[in-house]
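Residue numbers (our numbering): 89 to 175. Take a look at the structure below.
Okay, here's the thing in structure tokens:
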């Protein structure tokens with residue numbers, strides 16, 4: 089499954105400027121001093137909104153999801169979604 093994971097395009101970012109862009113391969117990203125975010129082109133699997141959400145919730149999403157899951161266990165998916173969307 090992962091035989092060719094490090095081949096082909098990669099999505100990488102520049103810590104200094106905050107830019108995120110696709111590179112043809114790992115080597116070109118490294119030559120540009122970019123940090124690889126994931127294999128595959130940028131936005132091929134996630135939208136900018138998804139990436140922002142992943143970054144902004146990286147420190148507390150797991151804890152919040154666990155609390156909401158427990159709180160809404162028998163109330164359905166809509167209750168879980170509402171709980172997760174509350175500030």
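C-beta atoms are modelled at their ideal positions from N, C-alpha and C, and glycine is treated no differently. Quick caveat, the model's predicted, so the values are computed rather than measured.
Pick from the options: whose alpha carbon is nearest that of residue i?
i: residue 141; options: 173, 168 and 97; result: 173
i: residue 114; options: 105, 92 and 104; result: 92
i: residue 112; options: 105, 103, 94 and 104; result: 94
i: residue 121; options: 106, 169 and 154; result: 106
Contact defined as beta carbons within less than 8 Å: I believe residue i pairs with residue j. What is the distance between those atoms, to the nearest angstrom?
i: residue 108; j: residue 130; result: 6 Å
i: residue 158; j: residue 167; result: Wrong, their Cβ atoms sit about 12 Å apart, outside the cutoff.
Would you report the Cα separation of residue i and residue j, rounded to the nearest angstrom?
i: residue 123; j: residue 101; result: 5 Å
i: residue 163; j: residue 152; result: 17 Å
i: residue 145; j: residue 156; result: 15 Å
i: residue 96; j: residue 154; result: 36 Å
i: residue 135; j: residue 143; result: 13 Å
Counting only the same chain and skipping the five closest in sequence on each side, list residues whose C-beta sits under 6 Å from that of residue i.
i: residue 117; result: 98, 100, 111 and 124
Starting from the C-beta of residue i, find all residues in its chain whose C-beta is less than 8 Å away, skip the five residues before and the five after it, and write them out in chain order.
i: residue 128; result: 96, 97, 98 and 99
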